[in-house]
Structure formats: C-alpha cells, structure tokens
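Taking it in order: structure first as structure tokens, then the write-up.
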Amino acid sequence: RKEVEQDPGPFNVPEGATVAFNCTYSNSASQSFFWYRQDCRKEPKLLMSVYSSGNEDGRFTAQLNRASQYISLLIRDSKLSDSATYLCVVNSLTGFQKLVFGTGTRLLVSP
Amino acid sequence: ETGVTQSPTHLIKTRGQQVTLRCSSQSGHNTVSWYQQALGQGPQFIFQYYREEENGRGNFPPRFSGLQFPNYSSELNVNALELDDSALYLCASSFSGGTVGEQFFGPGTRLTVL
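Residue numbers (this note's numbering), protein chains in the order written: chain H, 493 to 603; chain L, 18 to 131.
Below, the structure is given as structure tokens:
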C-alpha cells in the first residue's frame, strides 16, 4: 500500500464550480500535512499546510481528519488558472524533513 | 520564483553512462533534498543533505549518490544509468529549524536515458 494515496483524476470542471480532492495516508503517526500545486512541466509549489482545525486561504479550504487518516482540499469558484496537478504531501516521521508525495490529482477547469 | 536553481535543464544520456546534476539552494537555506519524479507520478525522495552530510535516504540504490558543499549547493550523481532513470529530478531547499515541510523546489532537470 502506498504511504499517500490520491485519485489521479482528471477532474474536469467548468469555471465557477466547486471541486474537492481527497487523500489518505497510511502512517497514523504522521504530524504534518500539505497540499502542493504542480503546473505542467514545472516544479511543485506549496499551496497550503493542513491543520486539524482546518484552514482556509481565499477560495481554498483544507481539512484533516486524523481518525480516518484523510486529507481534503476544496476549491470554490474554480478559475481557469486553477488547472494544475494537486499533490497531497505528508511529512514522514524519520527524524528529518522527508516529504512523501501522492501521485497527484489533475484538475482541468474549462470555460 | 523560489531562488533555487538547477542545471542543466535537460540532459540526454545513454544506458551505462554517468550523470551529475547540480543545485543551488535558496539563500539562508542549509538543507537540500533530492527527488525523482517519473511521468505521471509524484516526486519520490532520494536523499537529503544537511551540513554537508547525508542525513536521510529513500529507497534508491547506491549508484545514486550526492554531495553538499559549504555554500549549501549540492550535486546528485547517478552511475550506470538505466532506462528507468529517465525522470524529472527535483532539488528542494529548506531551513532546518524552519517551517516543517516547507521546501522550495527548483525547476528540475529532465533526464532522458536512451
């Protein structure tokens, strides 16, 4: 079983739609969680950290459910520029900052 | 831009050859991590360097090796290249003691092995 699992998509949505991505992780002792965004043929960039209390940044909301080992990302009012791959990332407990990435979920926002 | 640079941008090699990829970390960052990203996959951790020492390694064979220099720049060396080594190689810099998990990625080196 992969340490971080995501639905690869693609998710095809029209502009203005709300879309949600989910991710599960296998290491119950993991403590830090993130969403990174990766544009086609570009490097990953940190989108937001994910906290147990949930956090929001503009149109983006991230949630963490430790009991279910489940992380989500909600994007409201989708824009064409949101088209990208969204990577679910867990900071592995190895004594140093090793990031474990999911395969990514591809989002395509159409006019 | 993150301030992390990598060279070269693209590289084509043949099986059995050796390759060296380079990374300059963001100013103020003392830790460099290397990742391999195959097509359609998420980045996979290769290893991490802190204070010129390897302080963590992923599930990669010994023919993947690295160095970190006093200015915190880094090299990734791959010997005896195999076709499956074709991938995007990403370098990420961070500050040990900074925000956990916040790593800043360079643009990557796209390696093709023929």
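All residues carry an ideal CB built from backbone N, CA and C; glycine is no exception.
The structure displayed is predicted, hence computed values, not measured ones.
Check, Outcome
"Residues near proline 502 of chain H by beta carbon distance below 6 angstroms, same chain, minus five either side", "Arg598, Leu600"
"Any beta strand (DSSP E) of 3 or more consecutive residues that is wholly inside the segment 509-536 of chain H", "511-517, 524-530"
"Inter-residue CB distance, aspartate 102 of chain L and leucine 131 of chain L (contact presumed, cutoff 8 angstroms)", "Going by Cβ atoms, the distance from aspartate 102 of chain L to leucine 131 of chain L rounds to 11 angstroms, so no, they are not a contact pair."
"Chain-ordered neighbours of proline 502 of chain H on chain L, where CB pairs are closer than 8 angstroms", "Near proline 502 of chain H there are no residues of chain L at all, since even the closest Cβ is about 12 angstroms away, more than 8 angstroms."
"Burial state of glutamate 99 of chain L (16 or more Cβ within 10 Å)", "exposed"
"8 angstroms Cβ cutoff, threonine 595 of chain H in contact with chain L", "yes"
"Limits of the beta strand (DSSP E) - the one that threonine 37 of chain L falls within", "36-41"
"Distance between glutamine 561 of chain H and glutamine 555 of chain H (C-alpha atoms, nearest Å)", "11 angstroms"
"Between the CA atoms of phenylalanine 62 of chain L and asparagine 76 of chain L - distance to the nearest angstrom", "8 angstroms"
"Contact set between glycine 45 of chain L and chain H, taken where Cβ atoms lie within less than 7 angstroms", "The premise fails here: glycine 45 of chain L is roughly 16 angstroms from chain H at the closest Cβ pair, so nothing lies under 7 angstroms."
"Cβ pair glutamine 58 of chain L, threonine 126 of chain L closer than 8 angstroms", "no"
"Under the three-state DSSP convention, the category aspartate 549 of chain H falls into", "strand"
"Coarse secondary structure for serine 573 of chain H, derived from DSSP in three states", "helix"
"8 angstroms Cβ cutoff, leucine 93 of chain L in contact with chain H", "no"
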